[in-house]
Structures are given as C-alpha cells and as structure tokens.
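What follows is a single structure, written as structure tokens, with notes after it.
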Amino acid sequence: MMEKEKLVEKIENTDIEKISSKNDIWEKHIFLEKDKVLIVGYQQEESFSEMETTEESINTYYWYWELRNSVTWETLYANHDKEYSFCDSSVEISDGMEDVDVIGDSDLSGI
Numbered sequence: 181m182m183e184k185e186k187l188v189e190k191i192e193n194t195d196i197e198k199i200s201s202k203n204d205i206w207e208k209h210i211f212l213e214k215d216k217v218l219i220v221g222y223q224q225e226e227s228f229s230e231m232e233t234t235e236e237s238i239n240t241y242y243w244y245w246e247l248r249n250s251v252t253w254e255t256l257y258a259n260h261d262k263e264y265s266f267c268d269s270s271v272e273i274s275d276g277m278e279d280v281d282v283i284g285d286s287d288l289s290g291i
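Numbering (our numbering) for the sequence shown: 181 to 291.
Here's what the structure looks like:
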C-alpha cells in the first residue's frame with residue numbers, strides 16, 4: 181500500500197484533463213500498483229445564468245473519485261456522493277473581459 185504523502189504528491193503532480201463529454205468534466209488519472217488507477221475529478225452539477233446589463237453565470241461543481249482496474253476499466257469503488265463541492269462565478273464586463281471567482285469548500289490552487 182502506498183503512503184499517504186506519496187499518494188498526495190502523485191495527485192498534485194498529475195495533470196488534469198478535460199473529458200470528452202456533453203458535461204463539463206475534468207479528471208486526473210493516477211496509476212497505482214497492481215493494475216489499479218485512481219481517478220480524481222470534478223463535474224458540473226448545475227449552471228445558472230442571469231441576463232442584465234452584464235451577464236453573470238454561476239456553475240456548481242462536485243468532486244468525485246473512483247478506483248478502477250487499469251486493464252479492464254472495471255469500477256472497484258466509486259464515490260460520487262457530492263459531499264465536496266465548489267462554485268465559480270463569472271461576469272462578462274462590457275469590454276468583453278471576464279472576471280471569475282471561485283467559491284466553495286475546496287482549495288483549487290495548483291489545479
């Protein structure tokens with residue numbers, strides 16, 4: 181079994197990739213020993229937009245993780261309980277620029 185510090189380091193140093201899907205999904209695939217892969221990702225849960233003089237959109241995402249067989253891709257364990265979530269809010273300013281804020285219970289620095 182891998183030590184916690186080593187696993188955290190592997191998660192932090194693995195690039196996150198956008199998944200081809202109709203939904204907004206991002207994942208990191210961390211390959212472990214004995215044909216196992218840990219998938220850590222987040223998915224958009226809902227989106228809300230408001231039209232006024234500026235357009236603001238608020239997106240809610242939730243974190244999830246899965247443990248899969250890296251050969252057969254069989255799911256060994258998954259946690260999609262939506263216990264950990266975060267929001268981002270973007271406002272389009274009149275000159276076409278965009279201002280984005282991230283709000284929630286997750287620290288997204290380094291992702």
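Built from N, CA and C at the ideal position, the CB exists for glycine as well.
Annotation for I205: the continuous beta strand (DSSP E) segment containing it runs I205 to L212. Per the C-alpha coordinates, the member of S250, Q224 and E254 positioned closest to W243 is Q224. Within the same chain, and ignoring the five residues on either side of S250 in sequence, the residues whose Cβ sits closer than 7 Å to its Cβ are F211, D215, K216 and V217. Checking the DSSP bridge columns, you'll see T255 partnered with R248. Rounded to the nearest whole angstrom, the C-alpha separation of N203 and S237 is 16 Å. Secondary structure at I199: coil, using DSSP grouped into helix, strand and coil. Distance from the Cα of L247 is smallest, within the candidate group V220, T240, E263 and Y241, for V220. Rounded to the nearest whole angstrom, the CA to CA distance from W253 to E185 is 26 Å.
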